[in-house]
Amino acid sequence: MSKQIKSLLQQAELYRSQGLLGEAKKKYKLVEELIAGSDKLPNKQKLLNGLSKKMEALNRDVETIEKAPTTPEMSAHVNELIKKLFSFSSKDKDASSSALEGAIALAKFGQFEGALEEFEKLLNVKSQRLSAAKNILRCYLEMGNIETATEKLEKWQKGDLLVSEQIEKLTVFYDDILEKKGLKKEPVVEEASAETASQEEKFEEEQEFLDISAVAITFDSGPYKGEQVELDVSFQSGNVISLIISSKDEALIENLKVGVRLDDVHFYSPVAIFRGAGLVSAMTQIKSGPKKGDYSLDIKIESL
Amino acid sequence: MAVFNLKKREIECKIVYYGPGRCGKTTNLEYIFKAYKKQVEGEMVSINTEGDRTLFFDFLPMELGKIKGCDVRVQLFTVPGQVQYSSTRKLVLRGVDGVVFVADSLEVRREKNMLSLKDLQQNLKDYGLNIFKIPMILQYNKRDLADEGMPIMPIEKMEKDLNRQLKVPSFPGSAVKGEGVGVTLQECLKRTLHSLQKQFNWAQK
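Heads up: the protein sequence lines correspond to chains A and B, in order.
For the first sequence, counting from 1, position 54 maps to 53 in numbering that gives the first Met the number 0; every step adds exactly one.
For the second sequence, counting from 1, position 35 maps to 34 in numbering that gives the first Met the number 0; every step adds exactly one.
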């Protein structure tokens, strides 16, 4: 038996040296059971005491690892490297997109302070303003700082940095995250601090598209000129929505030819109605099923 | 995704060392850093946490010199192996051109190897890449531990577990001793550059 114990202890030590602490623990436990169940070992208590010390030391190692910060603050050099290595757009061709990607990478690696600095700079770039604002809000929430996030949003709502459409989108975006996180908009310190930052959260890289349930199109030409027609959305894939048009509605089919730009569309989402524009991107006649003969029309949302 | 500068005739590609926690990915890079000093361009960057576990990634840039009339640069990365760092692992994998999958030969790590390979397949898929098509090499690391009486898996068993369907080149290794490290990297580079030749037609004939 002593040979078996020796071999198991050797394995446990090696696993520990390899950093495989769970495996080492299992081996120590096995040794403990063997010793405790034996009546023949002369120095049983001494062996158990020695083993107990080893297991305590192992538990301390486990605790140190578990308590180590998962997102420690990195040096400026490392942050620069992260930005450089994880921005995939060409710096020469599209510097602001590249900068946005770098800032998002910093946030994904938990370097929120550095990321915020970058996003703040990007607020000055018109094309990246909305994405930067969304990511600033996201960063503060990840840091558990709901108060600052809310203040930021309110400041933008009152100011003129963002246009009204962007403010609407930002507000919906913010409310959506708060809802997903189970946070209230009012700054409640206890709740905010209880919410630990999760690295699994996605940072805004692309514009998110809301679920659209229906549209109301106002026509500026054709048989429906000046009229508003409401249609239900049957399917949505990203920024393309599909609608069913009855084959009987010839005037509408005439109005919605492929390539027609629709400048006045109300998009109905579960949270609000948005005014925007779209482009008729496809129209196909349904060949089978209950809607046979009707038309499936695709509208690409161009602005929302 | 590799960057090919046609004007300067430069190609830069990304190879990622993937595998379960504590399998020896960082040790592979540390050995490369020491043994291939001439080709190493700058410093190796390691972002570790307690217990020397990779927290974000390791990064080692290499300059291979001129190959078929083109300056070839390689960026070597490791991912954090621990299960809880899945989002970081995925981020590091973005834009990968070739993969070295480091498997742990220890019998007790058998399941972890298989789970990590499955995780790799899923992450590649999320980026629109196919594990069967990407240039890939398997390394069965820690073979030296058999000498210390540790239960390790026979190569045949590891091949059956991990390479039955992939059928990619595989090498036994002991990264801590430097065994199998060079050949693994060389084979991965060869396959990666060959694959990039098909995409960019960069090599001068």
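The beta-carbon is built from N, C-alpha and C at its ideal position, and this holds for glycine as well.
Model, not experiment: these values are computed from the prediction.
C-beta atoms of residue i and residue j nearer than 9 Å
{"i": "C12(B)", "j": "D96(B)", "result": "yes"}
{"i": "K256(A)", "j": "M282(A)", "result": "yes"}
{"i": "D297(A)", "j": "Q284(A)", "result": "no"}
{"i": "V44(B)", "j": "L59(B)", "result": "yes"}
{"i": "V98(B)", "j": "L119(B)", "result": "yes"}
{"i": "E301(A)", "j": "G277(A)", "result": "yes"}
{"i": "Y17(B)", "j": "K24(B)", "result": "yes"}
{"i": "M54(A)", "j": "F108(A)", "result": "no"}
{"i": "A213(A)", "j": "E229(A)", "result": "yes"}
{"i": "I243(A)", "j": "S233(A)", "result": "yes"}
{"i": "R142(B)", "j": "G177(B)", "result": "no"}
{"i": "I216(A)", "j": "D263(A)", "result": "yes"}
DSSP state of residue i mapped onto helix, strand, coil
{"i": "Q38(B)", "result": "coil"}
{"i": "T77(B)", "result": "strand"}
{"i": "L105(A)", "result": "helix"}
{"i": "N238(A)", "result": "coil"}
{"i": "N162(B)", "result": "coil"}
{"i": "I252(A)", "result": "helix"}
{"i": "Q138(B)", "result": "strand"}
{"i": "T283(A)", "result": "strand"}
{"i": "E205(A)", "result": "Here the model assigns E205(A) a pLDDT of 46, short of 50, so the residue's position is not dependable and the matter cannot be decided."}
{"i": "G275(A)", "result": "strand"}
{"i": "V82(B)", "result": "helix"}
{"i": "S97(A)", "result": "helix"}
{"i": "T70(A)", "result": "coil"}
{"i": "I243(A)", "result": "strand"}
{"i": "C22(B)", "result": "coil"}
{"i": "L57(A)", "result": "helix"}
{"i": "Q127(A)", "result": "helix"}
{"i": "Q227(A)", "result": "strand"}
{"i": "F100(B)", "result": "strand"}
{"i": "E65(A)", "result": "helix"}
{"i": "Y173(A)", "result": "helix"}
{"i": "R8(B)", "result": "coil"}
{"i": "F131(B)", "result": "coil"}
Closer than 9 Å to chain B by CB, residue i
{"i": "A131(A)", "result": "no"}
{"i": "G18(A)", "result": "yes"}
{"i": "Q198(A)", "result": "Residue confidence for Q198(A) is low, a pLDDT of 39 falling below 50, so the modelled location carries little weight; the figure read from the coordinates is stated next. Q198(A) counts as touching chain B."}
{"i": "Q104(A)", "result": "The amino acid occupying residue 104(A) in the given sequence is Ala; Gln does not appear at that position. Judged by the 9 Å Cβ criterion, A104(A) is in contact with chain B."}
{"i": "S287(A)", "result": "no"}
{"i": "L7(A)", "result": "no"}
{"i": "V187(A)", "result": "With a pLDDT of 39 at V187(A), under the threshold of 50, the modelled position of this residue cannot be trusted, and the question is left open."}
{"i": "L230(A)", "result": "no"}
{"i": "A191(A)", "result": "Confidence at A191(A) is low in this model, with a pLDDT of 33, below 50, so its placement is unreliable and no value can be given for it."}
{"i": "L57(A)", "result": "no"}
{"i": "L296(A)", "result": "no"}
{"i": "Y27(A)", "result": "no"}
{"i": "Q10(A)", "result": "yes"}
{"i": "L13(A)", "result": "yes"}
{"i": "I64(A)", "result": "yes"}
{"i": "E32(A)", "result": "no"}
{"i": "I300(A)", "result": "no"}
{"i": "F87(A)", "result": "yes"}
Rounded distance between the beta-carbons of residue j and residue i, thought under 8 Å
{"i": "F118(A)", "j": "A104(A)", "result": "That belief does not hold up - the Cβ atoms of F118(A) and A104(A) are roughly 12 Å apart, past 8 Å."}
{"i": "L192(B)", "j": "I66(B)", "result": "7 Å"}
{"i": "T77(B)", "j": "F100(B)", "result": "Contact flag wrong, Cβ pair sits at about 12 Å."}
{"i": "L129(A)", "j": "A148(A)", "result": "The pair is not a contact, with the Cβ atoms about 16 Å apart (cut-off 8 Å)."}
{"i": "I14(B)", "j": "V73(B)", "result": "6 Å"}
{"i": "Q122(A)", "j": "A132(A)", "result": "Per the sequence presented here, residue 122(A) reads as Leu, with Gln not at that position. So it is a contact: roughly 7 Å between Cβ atoms."}
{"i": "V175(B)", "j": "T26(B)", "result": "6 Å"}
Neighbour flag for residue i against chain A, beta carbons, 9 Å
{"i": "E29(B)", "result": "no"}
{"i": "G148(B)", "result": "yes"}
{"i": "V15(B)", "result": "no"}
{"i": "V107(B)", "result": "yes"}
{"i": "M0(B)", "result": "yes"}
{"i": "K117(B)", "result": "no"}
Interface partners of residue i on chain C, CB under 8 Å
{"i": "I46(B)", "result": "Any reference to chain C falls outside this structure, whose protein chains are A and B."}
Against chain B: residues of the stretch 68-81 of chain A by CB proximity under 8 Å: P68, T69, P71, M73, V77, L80, I81
Compile a chain-ordered list of the residues in the stretch 67-100 of chain B whose CB is closer than 9 Å to at least one CB of chain A. Q74, F76, Q83, Y84, S85, S86, T87, L90, V91, R93, G94
For the stretch 95-127 of chain A, enumerate the residues whose C-beta is nearer than 8 Å to any C-beta of chain B, in chain order. A104, K107, F108
Beta carbons nearer than 7 Å to chain A: which residues of the stretch 163-181 of chain B have them? none
Chain A contacts from the stretch 186-204 of chain B (Cβ-Cβ distance under 7 Å): none
At a Cβ cut of 9 Å, what residues of the stretch 55-66 of chain B count as close to chain A, listed as they run along the chain? F55, F56, F58
At a CB distance below 7 Å, what residues from the stretch 139-151 of chain A approach chain B? Give them in sequence order. none
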